[in-house]
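Notes for the one structure printed next.
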Amino acid sequence: MSYKQKIQSEIKNAVNGLAVEIIVEKPRQKEHGDAATNIAMVLAKSQKKNPLDIANEIKEKLKANTTLISSIDIAKPGFLNFTVSDSALIESLMDVYTLRENYGYVQNEVKEKILVEYVSANPTGDLHLGHGRQAVIGSCLVNLLSKAGYKLSSEFYINDYGEQIAKLSETSWAIYEKSNGKEVIWSEDFYPEEGISPYVKKVLEKASLPITKEELGEKVKAFILESQKELLSSCQVTFDQWFSETSLHKNKAVEEVLKRLKEKNVTYEKEGALWFKAEEFGDVRDRVLIRSDKRPTYLLADIAYHIDKINRGFKKLVTVWGADHHGQEVSLKGGLKALGYDSEILEIVFVQLVSLKQHGQEVKMSKRAGTVITVDEVLSEVGPDAFRYFLIESHSNNRMVFDIDLAKKQDKDNPVYYIQYAHARCCSIFRQYKELNPEEKFDFDNPELLINLLKVDKEERSATKDLILKILDFPEEVVLAAKNRAPNRIANYLKELAGDFHQFYTICRVITKDPNLTKSRLALVEALEITISNGLCILGITAPESM
RNA sequence: GCGCCCGUAGCUCAGUGGAUAGAGCAACCGCCUUCUAAGCGGUCGGUCGGACGUUCGAAUCGUCUCGGGCGCGCCA
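Pasting the structure below:
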């Protein structure tokens, strides 16, 4: 139990369960102590009392507990500000050593099964940076939610059916014909030649000739899919399942859903097509399910796909989509509702688009203007760690500008190094200590020893305490980030944590002539190393031992 | 026109309804004979787009408004 939770339960006792919710938070200002609560102001109204009086009453009841709280102050409108005792602080820190590689993660709490679906790009070309952002955010969400106690599964929905694939096949064939010296009429509907051509070439190198249009299309599709898989896994983006859209058509799942929708009377025919009464479910217009040429739409297959997910026993479906797809949300949920499913179990995380900054100029990504930046291009220049960090750093709801020149820099301007460097510094200190004391065993994590951390001069004590408090924030940070589906919070937290450490490092020498102080500081460094490494693990970024 | 997202320092962005809004970059000034200077300290920089409202308290919640991005296909 954290010191905040302990204080919270003390307050609960003090107010005899009067309040609905007791909020204990770390104040922004240091002068306001280590923990604060607004409970007196919350209670003031219902109790018809002055908040300062209520605060005083609570203070009187709590001040006896000196093992937990060393002082209580009451401030302006009615805040109660607590200073936690050194021993309680050290006691909280012991969690880090007992939990180690599980520190910060939710323990022994089995929550529901969640399926996270993300990227789900068409196998019709290179992944662009927008996909890259979705890939990184999705994979971090998977890590984060699983560390927050959920049972996780991840999935890539392969859009290997329909119009885009037909286009791919036509484009590939045209490229092939052209390479054989035939005159080809290049349709405007084709994919850009330079995007597909390299794939076609590679396929043809291995393929046995002659080849039919269908065979070529299939092979190019499979090859592109394989390339995407490899590329994604090279930056720690992996999936438990690769789910083929085509399979839903083959196993009649799409047909079955259509039948059920018809039975529910939410469809009608118009202009030779079959429509879904999406407007009845809040959509801006009705949507086509079966085109006039009898081919099913993406929407129909997507409804079938989500029903398949539900049938597999998932209680929560998190889907990561590019923001340009937000218009599809209502119709998909409408389809599920129409068939009696609880559409609330589907939660879509929209990732805003990425624009680019190059040579100080912002450029919109556009296929036509030739300013599409691929995952491959950036990843090969900056490496997986910086790639992931850049794309996870800002909230998915925010449009982000990817500064290519900065990402390519690979020097100290690159923020990921700030965090990694903190970890490397920890490791370096341990290397030094081991060299000096080859026989020493590292079992410094006992409270009697650790209390030495805080028995130092004012400046050192302040830097040390800041670092301890920040380390202790980690578990709450994980829970909050998971709850808000905001893995970027972890990146932010780690930046602050690294900052507190760099400051500590500058002020406090770890290896000193005082053996007890040295050992206690080594233990703190170890706690930090564990915390950074567990945080980076959520982000899928390596924690280097030296840099 | 309607819907979704965003608007915070010159730039890129943090910021679970709390107290004096924070980083990084850029600019300027300092700090390496001791654990990695990929670091630390300092200066400069803000009517949190605007208005009104809810609240003891609003960058955060609500309404309106202005600005930007995206969407409103028998494409996905």
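For the first sequence, my numbering assigns the number 352 to the initial residue and increments by one for each residue that follows. Built from N, CA and C at the ideal position, the CB exists for glycine as well.
Nonlocal neighbours in the same chain, by C-beta distance under 8 Å from SER505, ignoring five residues either side: Within the same chain, SER505 has close Cβ partners LEU466, VAL467, GLU468, TYR469, GLY489, SER490, VAL493, THR589, PHE590, ASP591 and GLN592.
Quick one: any contact between the segment 647-654 and the segment 602-616, if contact means 3 or more CB pairs under 8 Å? Segments in contact, yes.
Of all the options THR869, ASP851, PHE701 and ASN803, which has the alpha carbon lying nearest to the alpha carbon of GLU791? Comparing C-alpha distances from GLU791 to each of THR869, ASP851, PHE701 and ASN803 shows the shortest one belongs to THR869.
Does DSSP put GLN709 in a helix, a strand or coil? The three-state secondary structure of GLN709, taken from DSSP, is strand.
Hey, LEU818 and LEU879: beta-carbon distance below 9 Å or not? Using a Cβ distance threshold of 9 Å, LEU818 and LEU879 count as a contacting pair.
PHE665, DSSP secondary structure in three states: Here PHE665 sits in coil by DSSP.
Candidates LEU555, SER584, TRP672 and ILE405, of which the one nearest ASN531 by Cα: Nearest C-alpha to ASN531: LEU555.
Which residues does DSSP list as the beta-bridge partners of VAL702? GLY673.
In this structure, how does DSSP classify GLU791 when only helix, strand and coil are distinguished? GLU791 falls in the coil class under three-state DSSP.
Of the residues SER422, GLU799 and TYR508, which one's Cα is nearest the Cα of LYS580? Answer by Cα proximity: TYR508.
Taking all protein chains shown into account, decide if ASN432 is buried (16 or more other Cβ within 10 angstroms of its Cβ) or exposed. Buried.
Alpha carbon to alpha carbon, how far is THR863 from ILE423? Give it in angstroms, no decimals. Cα-Cα distance, rounded: 34 Å.
So, under 8 Å CB-CB, SER353 and SER443 are touching, yes? Tell me the CB distance rounded to an integer number of Å. About 6 Å; that satisfies the 8 Å criterion.
Look at the Cβ atom of ALA365, then the Cβ atom of LYS412, and state whether they are nearer than 9 Å. In this structure, the beta-carbon distance from ALA365 to LYS412 falls below 9 Å.
Could you spell out where the beta strand (DSSP E) holding TYR508 opens and where it closes? That run of the beta strand (DSSP E) goes 502-509.
Rounded to whole angstroms, what's the CA-CA distance from ASN416 to ASN797? Just pull it up for me. C-alpha separation (whole angstroms): 23 Å.
Would you tell me roughly how many angstroms separate the C-alpha atoms of ALA406 and ASN885, rounded to the nearest one? The C-alpha of ASN885 is placed about 38 Å away from the C-alpha of ALA406.
Applying the 10 Å Cβ sphere with the 16-neighbour rule, what's the burial state of VAL726? Under this definition VAL726 is a buried residue.
Nearest CA to the CA of LYS615: which residue from GLU596, GLU827, GLY686 and GLU566? The closest CA to that of LYS615, considering only GLU596, GLU827, GLY686 and GLU566, is found on GLY686.
Confirm, please, whether the CB-CB distance from GLN515 to ASN326 is below 9 Å. There is simply no residue 326 to check, as the chain begins at 352 and stops at 898 in what is shown.
Would you call the segment 628-637 and the segment 670-683 in contact, with 3 or more CB pairs under 8 Å? Verdict: yes, contact present.
SER871 burial status per 10 Å Cβ neighbour count (16 or more: buried): Counting Cβ neighbours within 10 Å, SER871 comes out buried, since at least 16 surround it.
For the alpha helix (DSSP H) containing ASP754, list its first residue and its last residue. In the DSSP assignment, ASP754 falls outside any alpha helix (DSSP H) and within the unbroken beta strand (DSSP E) covering 751-754.
With a CB to CB cut of under 7 Å and the five nearest residues on each side skipped, what residues in its chain are close to PHE902? Nothing in the structure corresponds to residue 902, since the chain is present only between 352 and 898.
Smallest Cα separation from LEU801: which of GLU828, ASN867 and TYR501? For LEU801, the closest alpha carbon among the candidates GLU828, ASN867 and TYR501 is that of ASN867.
Short check: CB of ALA916 to CB of GLU744, under 9 Å? The chain is shown only over 352 to 898; residue 916 falls outside these bounds and no answer can be derived.
Just how far apart, CA to CA, sit GLY691 and GLY633? Each residue's CA atom was taken as its position, placing GLY691 and GLY633 some 16 Å apart.
Out of THR597, LEU704 and ILE780, point me to the one whose CA is closest to ASN748's CA. Nearest neighbour of ASN748 by Cα position, chosen from THR597, LEU704 and ILE780, turns out to be LEU704.
Just the C-alpha distance for LYS809 and ILE889, rounded to the nearest angstrom, thanks. Going by the C-alpha atoms only, they are around 35 Å apart.
Tell me which residue opens and which closes the alpha helix (DSSP H) that ALA849 is part of. Per DSSP, ALA849 belongs to the alpha helix (DSSP H) from 839-858.
With 16 other CB atoms within 10 Å as the buried threshold, where does PRO543 fall? Exposed, by the Cβ-count rule.
Beta carbon of VAL639 nearer than 9 Å to that of ALA655: No, these two residues do not count as a Cβ contact at 9 Å.
List the endpoints of the continuous alpha helix (DSSP H) containing THR882. 866-890 is the extent of the alpha helix (DSSP H) around THR882.
Can you grab the Cα-Cα spacing for the pair GLY899 / ALA833, in whole Å? Limits of the chain in this structure are 352 at one end and 898 at the other, which puts residue 899 out of reach.
Return the Cβ separation of PHE541 and GLU521 in integer angstroms, given the expectation that the two are a contact with Cβ distance under 8 Å. Indeed, because the Cβ distance is near 6 Å, the residues count as touching under 8 Å.
Just grab the DSSP bridge partners of THR434 for me. Per DSSP, SER422.
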